[in-house]
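Here is the structure we will look at, set down as structure tokens.
Numbering (the numbering used here), first residue to last: 3 to 146.
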């Protein structure tokens, strides 16, 4: 979750599936700063859900915020990060068309309070625009 308050300060937090779903020997992206989530109060915040190993390789939270630092809107920043994820995906995790066999979603908010999300495949995300909570469709790289 990422949020911006009335003073314009941004914060974010993430969690993992927890011990019940932990695969022995696996370390997920949630505890790795810059992967599962990242926040820079001068720019914005970003987080993700999905295959953590794919996110760790690109430091997806950090990379999405860096794209926003360069002027991209949140959704465009998330899409750019997803393109990097695909480029870094090992062949064993690609289907016959060269598309990932897993899902990953990125969500982001910038200092202006603009928010957005993108995923490899169509998905939804929840957002609150200051007036009401909404479930919105993500942008995506590949149709199902």
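Using N, Cα and C, we set each Cβ at its ideal position, and we do this for glycine too.
> When the Cα atoms are used, what is the spatial distance from residue 120 to residue 62?
Replying inline: Separation of residue 120 and residue 62 (C-alpha to C-alpha, rounded to the nearest whole angstrom) is 12 Å.
> If residue 75 and residue 118 are in contact, beta carbons under 8 Å, what's the gap, nearest whole angstrom?
Replying inline: Rounded to whole angstroms, the Cβ separation of residue 75 and residue 118 is 6 Å, and the two are in contact under 8 Å.
> In its own chain, which residues sit with a C-beta less than 6 Å from the C-beta of residue 56, not counting the 5 before and 5 after it?
Replying inline: If we look at residue 56 and ignore the five residues flanking it on each side, its Cβ neighbours are 87, 106.
> Assuming residue 100 and residue 67 make a contact with CB atoms under 8 Å, what is their CB distance in whole Å?
Replying inline: The C-beta separation of residue 100 from residue 67 comes to about 28 Å, leaving the pair out of contact by the 8 Å criterion.
> The alpha helix (DSSP H) with residue 67 in it runs from where to where?
Replying inline: Element bounds for residue 67: 62–71.
>> Checking the sheet assignment: what are the DSSP bridge partners for residue 11?
In response: Listed as beta-bridge partners of residue 11 by DSSP are no residues whatsoever.
> Mapping DSSP to helix, strand and coil, what is residue 112?
Replying inline: Residue 112: strand per DSSP, three-state reduction.
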